[in-house]
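K.L.:
Okay, handing you the structure first.
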Amino acid sequence: QKEDALKRRYLFVALAGVGLSMIIGLLIWRNYKQSRKHIDALEALNRQVRRKNIHLQNTLSSLEKSHEDNSRMMKIVAHDLRNPIGGIAGLSAIMLKEEGFPSAQRGMLEMIHKSSNHSIELIQDLVHINTSAMERYKEPMELRDLLSYCIEMLHLKSEEKNQRIDLVGSAAMVQGDRDKLWRVFNNLISNAIKFSPENTAIRVELTVEDSKVLVSIQDQGIGIPDNLRDKVFRMSGEAKRRGTAGEPSFGLGLGISKQIVESNNGSIWFEKAAKQGTVFYVAFPLA
Numbered sequence: 039q040k041e042d043a044l045k046r047r048y049l050f051v052a053l054a055g056v057g058l059s060m061i062i063g064l065l066i067w068r069n070y071k072q073s074r075k076h077i078d079a080l081e082a083l084n085r086q087v088r089r090k091n092i093h094l095q096n097t098l099s100s101l102e103k104s105h106e107d108n109s110r111m112m113k114i115v116a117h118d119l120r121n122p123i124g125g126i127a128g129l130s131a132i133m134l135k136e137e138g139f140p141s142a143q144r145g146m147l148e149m150i151h152k153s154s155n156h157s158i159e160l161i162q163d164l165v166h167i168n169t170s171a172m173e174r175y176k177e178p179m180e181l182r183d184l185l186s187y188c189i190e191m192l193h194l195k196s197e198e199k200n201q202r203i204d205l206v207g208s209a210a211m212v213q214g215d216r217d218k219l220w221r222v223f224n225n226l227i228s229n230a231i232k233f234s235p236e237n238t239a240i241r242v243e244l245t246v247e248d249s250k251v252l253v254s255i256q257d258q259g260i261g262i263p264d265n266l267r268d269k270v271f272r273m274s275g276e277a278k279r280r281g282t283a284g285e286p287s288f289g290l291g292l293g294i295s296k297q298i299v300e301s302n303n304g305s306i307w308f309e310k311a312a313k314q315g316t317v318f319y320v321a322f323p324l325a
């Protein structure tokens, strides 16, 4: 009996060992299957990542080539424009040295000369676009004089629509790139002319508040609709509209103006005018 009991015990231990081995083998096989699934999934994900990476590299190469092509085209356009406009600037300079021009004609010649020189500056920016050459020397300047100069240059344009431009405010000094800031205020006043009807007034006001200079340009125009208010400072051209006399627009001027203002430590925004039109504000620290 003792021997039978011992045999039964050995048999039970053997069966338990076999069962345990089977369970362990089953667990190992199950873990292997799961690991294989995970490995297959990781390999598939890795292949997908490689494909995406190749696609992104191709896209990046295409974008770089497109950027190079655009830069090359800009330089070609700038080169082709610089010669004729440079000729206008040179010829007007020679004519201004001559005596005998009536004051009205001399005034127009001076405007042609100044406008052509500004155009040459803009063309120069195209040549050096996206380079450090775009960074210019910032200097102290009298902001009221700059505003007065912008209004003088746009005088004929406002006269075509029988509009009046009023400049009010005292002198104030700011630090900035004179040519770039001229572009900003020229664009803002030009927009006020473009989007205002005939026989209206445009008010350009300069005020000093604490340590800041605030310029406001208020028109009596068609205003900015709600669906365009978030788009006017974008460089996409989504906010372009024709003026009240059908003047064309590219919708880029305000986006460029915002970049220039912020690069000169300023800020720009707009609000609805109290009665009609829009008021654009530009603020700079006092120099």
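Offset between the sequence shown (1-based) and the working numbering: plus 38.
Cβ coordinates follow ideal geometry from the N, Cα and C atoms, glycine included.
For clarity, every value in this text was computed on a predicted model and none was experimentally measured.
1. State the DSSP-derived secondary structure class of M273, mapped to helix, strand or coil.
2. Just tell me which of T238, T245, M179 and S196 has its CA closest to the CA of L219.
3. Please state whether DSSP places R202 in a helix, a strand or coil.
4. Inspect the beta-carbon positions of L252 and Y187 and report whether they are closer than 8 Å.
5. Does the Cβ of Q256 have 16 or more other Cβ atoms within 10 Å, making it buried, or fewer, making it exposed?
6. By the DSSP assignment, the beta strand (DSSP E) with S287 in it spans what residues?
7. Output yes or no for whether 8 Å exceeds the beta carbon distance between S157 and S130.
8. Could you say which of M111, I92, I161 and A210 lies nearest to I326 if we only look at CA atoms?
9. Contact defined as beta carbons within less than 8 Å: I believe G304 pairs with A321. What is the distance between those atoms, to the nearest angstrom?
10. On the three-state DSSP scale, how would you describe F318?
11. What residue from R85, T316, N91 and Y48 has the CA that sits closest to P263's CA?
12. Grouping DSSP H, G and I as helix and E and B as strand, with all else coil, what is E136?
13. Taking the beta carbon of I298 as the centre, do at least 16 other beta carbons fall within 10 Å, making it buried, or is it exposed?
14. Suppose you measure from the CA of D215 to the CA of H93; what does that come to, to the nearest Å?
15. Rounded to whole angstroms, what's the CA-CA distance from V51 to K71? Just pull it up for me.
16. Starting from the Cα of L290, find the closest Cα among K278, L134 and K113 and give me that residue.
17. How should R221 be labelled, buried or exposed, when 16 other C-beta atoms within 10 angstroms of its C-beta is the threshold for buried?
18. Check R110 in the structure and name its three-state DSSP category.
19. With S305 as the anchor, note down where its beta strand (DSSP E) starts and where it stops.
20. Return the residue from the list L226, A210, Q213 and S208 that minimises the CA-CA distance to L192.
21. Measuring alpha carbon to alpha carbon, tell me which residue in R202, S99 and E309 is nearest S254.
22. Provide the residue span of the beta strand (DSSP E) that contains I240, from first to last.
23. Taking the straight line between their C-alpha atoms, what separation do you get for G55 and K75?
24. Find the nearest neighbour of L244 within the set P286, E81, D183 and M146, judged by alpha-carbon distance.
25. Out of K195, A283, L185 and S228, point me to the one whose CA is closest to V212's CA.
26. Would you report the Cα separation of S100 and E106, rounded to the nearest angstrom?
27. Is the CB-CB distance between A239 and G259 below 8 Å?
28. Per DSSP, what kind of secondary structure is E197 in: helix, strand or coil?
29. The beta strand (DSSP E) spanning I189 covers which residue range?
30. For H151, which residues from the same chain have a beta carbon less than 7 Å from its beta carbon, with the 5 sequence-adjacent residues on both sides left out?
P.N.:
Looking at the coordinates:
1. Stepping through the sequence shown from its first residue, residue 273 is reached at position 235. Coil at M273, not helix or strand.
2. Here residue 219 is taken as the residue at index 181 of the sequence shown, counted from 1. Ranking the options by Cα distance to L219, first place goes to M179.
3. Taking the sequence shown and counting its residues from 1, one reaches residue 202 at position 164. Three-state DSSP puts R202 in a strand.
4. Taking the first residue of the sequence shown as position 1, residue 252 is located at position 214. Taking the first residue of the sequence shown as position 1, residue 187 is located at position 149. No, the pair does not count as a contact, with Cβ atoms beyond the cut-off.
5. Stepping through the sequence shown from its first residue, residue 256 is reached at position 218. Classification for Q256: buried.
6. Within the sequence shown, the letter at position 249 stands for residue 287. Element bounds for S287: n/a, residue is neither H nor E.
7. Within the sequence shown, numbered from 1, the residue matching residue 157 stands at position 119. Within the sequence shown, numbered from 1, the residue matching residue 130 stands at position 92. No, Cβ-Cβ distance for S157 and S130 is not below 8 Å.
8. Past the boundaries of the shown model lies residue 326; the chain is included only from 39 to 325, so the question cannot be answered.
9. On the sequence shown, residue 304 is found 266 positions in, with the first residue counted as 1. On the sequence shown, residue 321 is found 283 positions in, with the first residue counted as 1. Rounded, the Cβ-Cβ distance is 6 Å, consistent with contact.
10. Indexing the sequence shown from 1 puts residue 318 at position 280. Looking at F318 - three-state DSSP - the assignment turns out to be strand.
11. Numbered from its first residue, the sequence shown carries residue 263 at position 225. The candidate whose alpha carbon is nearest that of P263 is T316.
12. Working through the sequence shown from its first residue, we reach residue 136 at position 98. Reduced to three states, the DSSP call for E136 is coil.
13. For the purposes of this step, residue 298 is taken as the residue at position 260 of the sequence shown. I298 should be labelled buried.
14. Working through the sequence shown from its first residue, we reach residue 215 at position 177. Working through the sequence shown from its first residue, we reach residue 93 at position 55. Whole-angstrom Cα-Cα distance: 42 Å.
15. Numbered from its first residue, the sequence shown carries residue 51 at position 13. Numbered from its first residue, the sequence shown carries residue 71 at position 33. Straight-line Cα distance between these residues: approximately 30 Å.
16. What you label residue 290 is simply residue 252 of the sequence shown in a count that begins at 1. Considering only alpha carbons, the answer is K278.
17. Numbered from 1 along the sequence shown, position 183 holds the residue referred to as residue 221. When all chains shown are included, R221 counts as buried.
18. On the sequence shown, residue 110 is found 72 positions in, with the first residue counted as 1. Correct three-state label for R110: helix.
19. Counting from one through the sequence shown, the residue named residue 305 turns up at place 267. Note, S305: beta strand (DSSP E), S305 to K310.
20. Reading the sequence shown from its first residue, position 154 is the one you call residue 192. Selected option, being the one with the closest Cα: L226.
21. Along the sequence shown, read from residue 1 onward, the residue named residue 254 stands at position 216. Closest option to S254, Cα to Cα, is E309.
22. Position 202 of the sequence shown, counting from 1, holds the residue named residue 240. Per DSSP, I240 belongs to the beta strand (DSSP E) from A239 to E247.
23. Position 17 of the sequence shown holds residue 55. Position 37 of the sequence shown holds residue 75. Their backbone Cα atoms lie some 30 Å apart in a straight line.
24. In the sequence shown, the residue the question calls residue 244 occupies position 206. Of P286, E81, D183 and M146, the residue nearest in Cα terms is D183.
25. Taking the sequence shown and counting its residues from 1, the one referred to as residue 212 is at position 174. Closest option to V212, Cα to Cα, is L185.
26. Your numbering for residue 100 matches position 62 in the sequence shown. Your numbering for residue 106 matches position 68 in the sequence shown. Answer to the nearest angstrom: the Cα atoms are 10 Å apart.
27. Residue numbering aside, residue 239 sits at position 201 when the sequence shown is read from its first letter. Residue numbering aside, residue 259 sits at position 221 when the sequence shown is read from its first letter. Taking 8 Å as the Cβ cut-off, A239 and G259 do not qualify as a contacting pair.
28. Position 159 of the sequence shown, counted from the start, is the residue given in the question as residue 197. Note: E197 maps to helix in three-state DSSP.
29. Translated into positions along the sequence shown, residue 189 becomes position 151. Element bounds for I189: not the beta strand (DSSP E) but the alpha helix (DSSP H), L181 to M191.
30. As a first step, residue 151 is located in the sequence shown; it is residue number 113 there, counting from the start. Counting only Cβ-Cβ distances below 7 Å, and skipping sequence neighbours, we find A127, S130, A131 and L134.
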